Amino acid sequence: SFMRGQKAVFCTFVDLENPKQSLTSLKEQMSRFPEKFLVVGLDETAFSPDEDVVAEILRATQSLGDGVEFVRLDELQHLHGQAVAGKLVDASPPVFAEQTDARGSLEVARVSPGAIRVDGQFDDWRKIGIRELDLVPAATPQETSTPESKTPRAKASVAYDDRFLYIAVAVDDESLFVDDYNLAAGDSVVLLLDTRSERFREPVMTEGCYRLHVVPAVGLLEKPSVLFKYPTFDLDLVSNNRNGIEEEAVSKTTPGGYVLEAAIPLLNFPYLRWERGATLRFAIAVNDADRNGRVARLSSSGKDAMSNPLSLSDAVLR
Numbered sequence: 003s004f005m006r007g008q009k010a011v012f013c014t015f016v017d018l019e020n021p022k023q024s025l026t027s028l029k030e031q032m033s034r035f036p037e038k039f040l041v042v043g044l045d046e047t048a049f050s051p052d053e054d055v056v057a058e059i060l061r062a063t064q065s066l067g068d069g070v071e072f073v074r075l076d077e078l079q080h081l082h083g084q085a086v087a088g089k090l091v092d093a094s095p096p097v098f099a100e101q102t103d104a105r106g107s108l109e110v111a112r113v114s115p116g117a118i119r120v121d122g123q124f125d126d127w128r129k130i131g132i133r134e135l136d137l138v139p140a141a142t143p144q145e146t147s148t149p150e151s152k153t154p155r156a157k158a159s160v161a162y163d164d165r166f167l168y169i170a171v172a173v174d175d176e177s178l179f180v181d182d183y184n185l186a187a188g189d190s191v192v193l194l195l196d197t198r199s200e201r202f203r204e205p206v207m208t209e210g211c212y213r214l215h216v217v218p219a220v221g222l223l224e225k226p227s228v229l230f231k232y233p234t235f236d237l238d239l240v241s242n243n244r245n246g247i248e249e250e251a252v253s254k255t256t257p258g259g260y261v262l263e264a265a266i267p268l269l270n271f272p273y274l275r276w277e278r279g280a281t282l283r284f285a286i287a288v289n290d291a292d293r294n295g296r297v298a299r300l301s302s303s304g305k306d307a308m309s310n311p312l313s314l315s316d317a318v319l320r
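Residue numbers (this note's numbering): 3 to 320.
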């Protein structure tokens with residue numbers, strides 16, 4: 003709990019057994035609570051397809067009068083930061099806004115157009131001096147592993163130019179596995195970006211977050227696949243050859259695993275200024291899934307960024 007504009011703010015959760023009826027009596031229900039801020043859950047399936055749920059919510063909120071202020075859930079961390087700065091509360095954030103420490107900041111180098119050729123060979127990366135990142139274990143295997151199973155090792159590089167974000171990853175993996183029915187569930191390289199402003203950062207993916215899987219060509223998959231994984235809320239993605247702009251990806255199997263190289267159009271990330279000095283939250287991860295159900299992850303941030311975008315590392319464009 004904290005203060006905003008001389009108003010007490012307290013966050014709780016209300017379980018509405020009958021959402022439709024409860025919404026029409028929201029003012030009466032809120033009078034039963036001493037708290038000044040309530041998070042109300044609404045089940046839209048309680049309404050018929052002919053009813054305008056948004057209009058019903060608007061009518062209910064308007065009935066509460068001017069003494070009630072409405073905020074987005076993802077503003078809570080920002081509001082708490084203001085309260086801490088004003089010494090209105092201690093520094094402990096709300097539980098659902100708890101941050102996790104990530105590894106130190108990264109630098110993403112800018113390269114000249116054409117300096118990197120997406121061909122699965124990394125000589126051009128070494129020639130222009132792009133450093134490699136060690137990806138470290140980021141999550142405990144989700145299933146029981148066999149004694150002979152080993153956590154994979156991987157190194158990654160990242161760069162950008164006027165049109166593309168480039169990634170190059172070399173993975174040591176004793177057992178390659180691609181899930182033909184759910185490509186994001188098998189072996190893949192995962193690119194995670196959080197371009198949200200600070201006040202809208204919460205440990206869930208909302209608009210401005212991106213999770214992109216690049217799946218190597220293994221088994222029945224004849225060429226690498228690039229897919230944006232829900233939740234990605236932007237509708238104007240240019241990948242998959244939309245607007246005549248297409249991503250590039252090449253993968254090759256090696257005796258001990260695979261290498262993968264990809265170029266992702268920058269227009270897929272409209273909320274970010276791709277200029278020197280700009281910052282973003284960023285991580286490259288490797289998802290390793292074996293046929294026996296074992297799942298392990300490596301990440302440049304040192305945390306399981308696929309579960310919590312607050313664990314992404316700060317990255318500076320150079």
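We put the beta carbon where it would ideally sit given N, CA and C, even for glycine. Values in this document were obtained by computation on a predicted structure and should not be read as measured data.
Skipping 5 residues on each side, what residues in its chain have a beta carbon closer than 6 Å to that of residue i?
i: THR61; result: A quick correction: the sequence has Arg, not Thr, at residue 61. Closer than 6 Å at Cβ, skipping near neighbours: no residue.
i: GLU100; result: Residue placement at GLU100 cannot be trusted, given a pLDDT of 38 that sits under 50; what the coordinates show is reported in the next sentence. Nothing listed; no residue qualifies.
i: LEU319; result: VAL110, ARG278 and ALA280
i: PHE179; result: GLY188, ASP189, ALA291, ASP292 and ARG293
i: ARG213; result: LEU194 and LYS231
i: ASP182; result: LEU222
i: LEU135; result: ALA158 and SER302
i: ASP196; result: CYS211, ARG283, PRO311 and LEU314
i: ARG155; result: ASP174
i: GLU1; result: As displayed, the chain neither begins before 3 nor continues past 320, which places residue 1 out of reach and without an answer.
i: ARG133; result: none
i: THR161; result: Before going further, note that residue 161 is Ala rather than Thr in the sequence given. Cβ within range, chain order: ALA111, VAL113, ILE132 and TYR168.
i: LEU108; result: SER315 and ALA317
i: VAL220; result: LEU178 and VAL180
Assuming residue i contacts residue j (C-beta within less than 8 Å), just tell me the rounded distance between them.
i: ARG296; j: ALA287; result: About 16 Å separates the two Cβ atoms, so there is no contact after all.
i: GLY116; j: ASP174; result: That pair is no contact at about 30 Å.
i: SER227; j: ASP163; result: The pair is not a contact, with the Cβ atoms about 23 Å apart (cut-off 8 Å).
i: ASP290; j: ASP189; result: 6 Å
i: PRO267; j: ARG112; result: Their Cβ separation, rounded to whole angstroms, is 16 Å, which puts PRO267 and ARG112 out of contact at 8 Å.
i: GLU58; j: LEU25; result: 6 Å
i: SER301; j: VAL138; result: 7 Å
i: PHE49; j: LYS22; result: 6 Å
i: VAL217; j: LEU167; result: With a Cβ gap of about 17 Å, VAL217 and LEU167 do not count as contacting.
For residue i, does the three-state DSSP call read helix, strand or coil?
i: SER309; result: coil
i: GLU30; result: helix
i: THR102; result: Low confidence applies here, because THR102 scores a pLDDT of 44, under 50, leaving its location unreliable and the question unanswered by this model.
i: ASN289; result: strand
i: PRO149; result: The predicted position of PRO149 is uncertain, since its pLDDT is 45 and thus under 50; a value taken from the coordinates is nonetheless stated next. Coil.
i: LEU90; result: coil
i: LEU81; result: helix
i: PRO143; result: With a pLDDT of 47 at PRO143, under the threshold of 50, the predicted position of this residue should be treated as unreliable, and no value is reported.
i: LEU178; result: coil
i: ALA298; result: strand
i: SER315; result: strand
i: PHE202; result: helix
i: LYS22; result: helix
i: LEU135; result: strand
i: THR281; result: strand
Exposed or buried, which one is residue i when buried takes at least 16 other CB atoms within 10 Å?
i: VAL261; result: buried
i: LEU222; result: exposed
i: VAL56; result: exposed
i: PHE72; result: exposed
i: ILE130; result: exposed
i: VAL97; result: Any reading at VAL97 needs caution, since the residue's pLDDT is 41, under 50, leaving its predicted position unreliable; the model's value is listed next. The residue in question, VAL97, is exposed, as its Cβ has fewer than 16 Cβ neighbours within 10 Å.
i: LEU66; result: exposed
i: ASP121; result: exposed
i: LEU314; result: buried
i: LYS157; result: buried
i: ALA87; result: exposed
i: ALA251; result: buried
i: SER199; result: exposed
i: SER33; result: exposed
i: SER1; result: Residue 1 lies beyond the residue range present for the chain, which begins at 3 and ends at 320; the question has no answer from this structure.
i: ALA307; result: buried
i: GLU224; result: exposed
i: ARG275; result: exposed
i: GLU176; result: exposed
Could you check where the alpha helix (DSSP H) with residue i kicks off and where it finishes?
i: GLU58; result: 55-64
Taking residue i as part of the beta strand (DSSP E), name the residues at either end of that continuous run.
i: LYS129; result: No beta strand (DSSP E) holds LYS129; the alpha helix (DSSP H) holding it covers 125-129.
i: ASP174; result: 166-174
i: ILE266; result: 259-267
i: GLU250; result: 250-256
i: GLU224; result: Note, GLU224: premise wrong, no beta strand (DSSP E); not H, not E.
i: LYS157; result: 155-162
i: ASP196; result: 190-196
i: TYR212; result: 211-217
i: ARG112; result: 108-112
i: ARG119; result: Premise fails: ARG119 is in no beta strand (DSSP E) and is neither H nor E.
Using a Cβ-Cβ cutoff of less than 7 Å, which residues in the same chain neighbour residue i once the five nearest sequence positions on both sides are dropped?
i: TRP127; result: ILE118, SER159 and ALA170
i: SER147; result: Low per-residue confidence applies at SER147: pLDDT is 44, beneath 50, and the placement is therefore not dependable, though the value from the model is reported in the following sentence. Taken in chain order, the residues that qualify are ARG296.
i: PHE271; result: LEU195, THR197 and TYR212
I'd like to know if residue i contacts chain B, where contact means its C-beta is closer than 8 Å to some C-beta of that chain.
i: GLN31; result: No chain B appears in this structure, which consists of one protein chain only.
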